[in-house]
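J.: Sharing a structure with you now.
In this note's numbering, the protein residues as written are 380 to 1057.
Listed below in structure tokens is the structure:
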């Protein structure tokens, strides 16, 4: 029995003869699945497919959109009509395949109802540039206006328009533009024309709505947090909360739901988020624009060169084919669509008569799923419940917890992990002698954390405050040095303000207050590796991902950060959750998010083996995940991370010695900041 609010309290009967009891692990937000008051049903008849990176994820989406018969509902953080979902041609001449916008136009013309719901705010539009043709690149050389022109919008037509225009300009000796530049201009024209037509309801079958955050709801959500954000963070989250969900639902009610398909994912519908799981340093299928920048230069890879393409991106998607889990996806969309249209519904939409095919009995190969969300407008914070509950379950055992996330910036999560582990080890120490065990037999839990270097230096303080309780702050070398220097300066000032006999020197300069991020860092108990093991029974490693390849033209190895956009938590081959939610305060309480959670061991095991093989080679994929195999895998990960970093520093005349194995390297970030940005 447990007092956690997200669990279901139940009686467990103990056999009087064997003195044993049998119960089930509660992975889910059980209190949301109560009879008569089910807001987040735990469903059992879902067929899942796990997709890694944009190549797999977007190809599957493109196929399902092309085959849609009745409805397509898309929720996006951003949307790029000119994005090619499938890519085969190894050169950057747009369009390389059918665009997202053309796929939706074709669906609308064959009678499919397409509804597109996108987050938009004045800040998001100006800063994020997440709606090409609407938020930026919106004044191109030409726009196709009017109902007749709107019916002719497609990518190839835009290319033809720019070619004809270029011929006229060249004939008049006004232009000398060709190739990539013309393709980019055609893309701008297409996206701008697409959005203008969509907002005027000129694209057959396509409706588009924009939505912004709710300041009042965000303020209330932040007020309930254990660790309060500082002023700047609070202002940004309260007034500029985003809608970060990205689910897709296709043919929900068509033929009683027999062909219904949904997606829960972290992938944004923007062209820069497309990549292959090989994460090549250079890949012509990614977008152009990868010249060396200060941002890339400071994120852990010191030996950089100019790049032609954008950096590698890593993310996940889950395709749900039929099943009851699609019903909450439908309800999530309908409620948000109505709010975006100015609807005055006081309660969330409930699907009272779901398509009958979605209600079929669970069969072999089906998975148990709970759809969880962060939705401040509906006081829904079940993603946080799921994360904390899964961590509680993991911390009670001796297996592994694998976390791959874009933002590792939630101190409360790290503190909860430690609190549970401390109780586990205290209980062990009280009772181990009764079963003939000693201190050397302490049960160890292994935590694998894979993150990118913080996106901006102002995100370093919150990352530090999440790593430090786990004793892993040393990878933020710049922040560690800044904190040490600030403390040393304060100590010297304090000493200089007194005489050698302890009399206060009134003429000494006033002691400066420490920056708040330094004071906060000083208050954190930062356990050593030994204390982490003996007090908490924990081993923790933190990795970032680098790609490497040999450049034949330059005759040298090149290394590049793989940007982790992923939001994956995987525990003990028994549970995982993925979707749009980052491990930060924004995603847990302010931004709308949606995740899928499942306790299907087949998918969890297959995902762990596939992911760890990609990142750390097949040799280090954890095998059958026995305690001994996880222990050895952890050791090998730590060794491989160090070896890969050493390989980057090796003699450049030794080409073999500089080749990395897998992608994992230690976190090593030399930046620092006294300002927090959530």
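Note that beta-carbon positions come from the ideal geometry of N, C-alpha and C, so glycine has one too.
The model shown is predicted, which means the values in this text are computed figures rather than measured ones.
Within a Cβ cutoff of 6 angstroms, which residues of the same chain sit near residue 448, ignoring the five residues on either side of it in sequence?
T.: Answer for residue 448: 630 and 633, listed in chain order.
J.: Can you have a look at residue 473 and say buried or exposed, based on whether 16 or more other CB atoms are within 10 angstroms of its CB?
T.: So residue 473 ends up on the buried side.
J.: Locate the beta strand (DSSP E) running through residue 452, then write down its first and last residues.
T.: Taken as a continuous stretch (DSSP letters only), the beta strand (DSSP E) holding residue 452 covers 450 to 455.
J.: Rounded to the nearest angstrom, what separates residue 370 and residue 738 at their Cα positions?
T.: Coverage of the chain is limited to positions 380 through 1057, which leaves residue 370 absent and any answer about it impossible.
J.: Keeping to the same chain, check which residues put their C-beta closer than 8 angstroms to that of residue 880; ignore five residues upstream and five downstream.
T.: Annotation note: pLDDT 48 at residue 880 (below 50); position unreliable, no value reported.
J.: Using a 10 Å radius around the Cβ and a threshold of 16 neighbouring Cβ atoms, would you call residue 662 buried or exposed?
T.: Per the 10 Å Cβ criterion, buried.
J.: Can you list, in chain order, the residues of its chain with a C-beta nearer than 7 angstroms to that of residue 800? Leave out the 5 residues immediately preceding and following it.
T.: Within the same chain, residue 800 has close Cβ partners 774, 824, 915, 916 and 917.
J.: On the three-state DSSP scale, how would you describe residue 418?
T.: Coil, per DSSP.
J.: Mapping DSSP to helix, strand and coil, what is residue 681?
T.: Note that residue 681 scores 48 on pLDDT, short of 50, meaning its location in the model is unreliable; the coordinates nonetheless yield the value given after this. Coil, per DSSP.
J.: Buried or exposed for residue 527, please, with buried defined as at least 16 other CB atoms from any protein chain shown within 10 angstroms of its CB.
T.: By the neighbour-count rule (16 or more Cβ atoms within 10 Å), residue 527 is not buried but exposed.
J.: Count the other C-beta atoms from every protein chain shown that fall within 10 angstroms of the C-beta of residue 946, then say buried if there are 16 or more, exposed otherwise.
T.: With 16 or more other Cβ atoms within 10 Å, it is buried.
J.: First and last residue of the beta strand (DSSP E) that includes residue 611?
T.: Note, residue 611: premise wrong, no beta strand (DSSP E); alpha helix (DSSP H) at 610 to 618.
J.: Please name the residue in 533, 828 and 795 whose C-alpha comes closest to that of residue 782.
T.: Measuring from the Cα of residue 782, the nearest candidate turns out to be 828.
J.: Do residue 576 and residue 529 have their C-beta atoms closer together than 8 angstroms?
T.: Yes, the Cβ-Cβ distance between residue 576 and residue 529 is below 8 angstroms.
J.: What number of angstroms, rounded off, separates the C-alpha of residue 624 from the C-alpha of residue 478?
T.: So the two alpha carbons sit approximately 22 angstroms from each other.
J.: Per DSSP, what are the beta-bridge partners of residue 695 in this structure?
T.: Note: residue 695 sits in a beta bridge opposite 431.
J.: Thinking just about the alpha-carbon of each residue, which of 854, 655 and 450 is nearest to the one in residue 467?
T.: Nearest of 854, 655 and 450 to residue 467, Cα basis: 655.
J.: Following the continuous alpha helix (DSSP H) through residue 982, name the residue where it begins and the one where it ends.
T.: Per DSSP, residue 982 belongs to the alpha helix (DSSP H) from 980 to 995.
J.: What are the boundary residues of the alpha helix (DSSP H) that residue 594 is part of?
T.: That run of the alpha helix (DSSP H) goes 594 to 602.
J.: Say the cut is 7 angstroms; is the CB of residue 486 nearer than that to a heavy atom of the ligand NAD?
T.: As far as ligands go, the structure on display features none, and thus does not contain the ligand NAD.
J.: Please state if the CB of residue 666 and the CB of residue 718 are separated by a distance shorter than 8 angstroms.
T.: Going by C-beta atoms, residue 718 is not nearer than 8 angstroms to residue 666.
J.: Would the beta-carbon of residue 436 fall within 8 angstroms of that of residue 704?
T.: No, the pair does not count as a contact, with Cβ atoms beyond the cut-off.
J.: Apart from the five residues just before and just after residue 621, which ones in its own chain have a Cβ nearer than 6 angstroms to its Cβ?
T.: Cβ neighbours of residue 621 beyond the five flanking positions: 498 and 970.
J.: Using 8 angstroms for Cβ pairs, my map puts residue 793 next to residue 845. What's the rounded Cβ distance?
T.: Contact flag correct, Cβ pair sits at about 5 angstroms.
J.: Just how far apart, CA to CA, sit residue 959 and residue 432?
T.: Roughly 14 angstroms between the two C-alpha positions.
J.: Would you tell me roughly how many angstroms separate the C-alpha atoms of residue 831 and residue 658, rounded to the nearest one?
T.: Roughly 14 angstroms between the two C-alpha positions.
J.: Count the other CB atoms, across all protein chains shown, that sit within 10 Å of the CB of residue 614; report buried if there are 16 or more and exposed otherwise.
T.: Residue 614 comes out exposed.
J.: Under 8 angstroms, do residue 612 and residue 1055 count as touching if we go by C-beta distance?
T.: Going by C-beta atoms, residue 612 is nearer than 8 angstroms to residue 1055.
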